[in-house]
Amino acid sequence: MNAYTDANKVGKDNMDNALRSMSAMTKGFQQIAAETTEFTKKSYEQSAQMLERLAQVRTLDKAIEVQSEYARSAYEAWVSQATKMGEIYQDIAREAYRPLESSAQQNQQFAQNMANQAANHTN
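Counting from -16, one number per residue, gives the positions in the sequence shown under my numbering.
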């Protein structure tokens, strides 16, 4: 009977840990959505500002300068955002794995205990 109680507890703990893991993933995905929305908004605003500046230039050299500045700043912003998103994804993976790691250790211990009990019954 003790084995059944232990199995039930392990199963419940596994479910709780799975829910914690999913909660961490959900929070992370919400953060990704918010970051992506903010980045898109800023990119749109910067594009609109560049078009306004481009419409005011009088020479080809100035147009090339405005476009080059925009391309450089857009690239730098993209690299920065990509780095930030990579860090967020790493955090999501780490936080989502943490509860599952606990379950894996608990399951390993439970399996070892069951194997020991089975060995003791056969002796």
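Glycine included, C-beta positions come from ideal geometry on N, C-alpha and C.
All figures in this text were calculated on a predicted structure; none of them were measured in a lab.
{"Query": "Length of the line joining the Cα atoms of K(-8) and A(-14)", "Result": "10 Å"}
{"Query": "Minimum C-alpha distance to W61 - residue among F93, Q88 and T19", "Result": "T19"}
{"Query": "Opening and closing residue of the alpha helix (DSSP H) in which R41 lies", "Result": "Run containing R41: none; DSSP gives neither H nor E here."}
{"Query": "Beta-carbon gap between Y53 and M33 smaller than 8 Å", "Result": "yes"}
{"Query": "Identity of the residue in D(-1), S6 and M(-2) nearest E78 by Cα", "Result": "S6"}
{"Query": "Neighbourhood of M(-16) by C-beta, 7 Å cutoff - its chain only, sequence neighbours within 5 removed", "Result": "Confidence at M(-16) is low in this model, with a pLDDT of 49, below 50, so its placement is unreliable and the value that follows should be read with caution. The answer is none, since no qualifying residue turns up."}
{"Query": "Span separating the alpha-carbon of M97 from that of Q91", "Result": "10 Å"}
{"Query": "Anticipated Cβ contact below 8 Å, A57 with Q29, distance rounded", "Result": "7 Å"}
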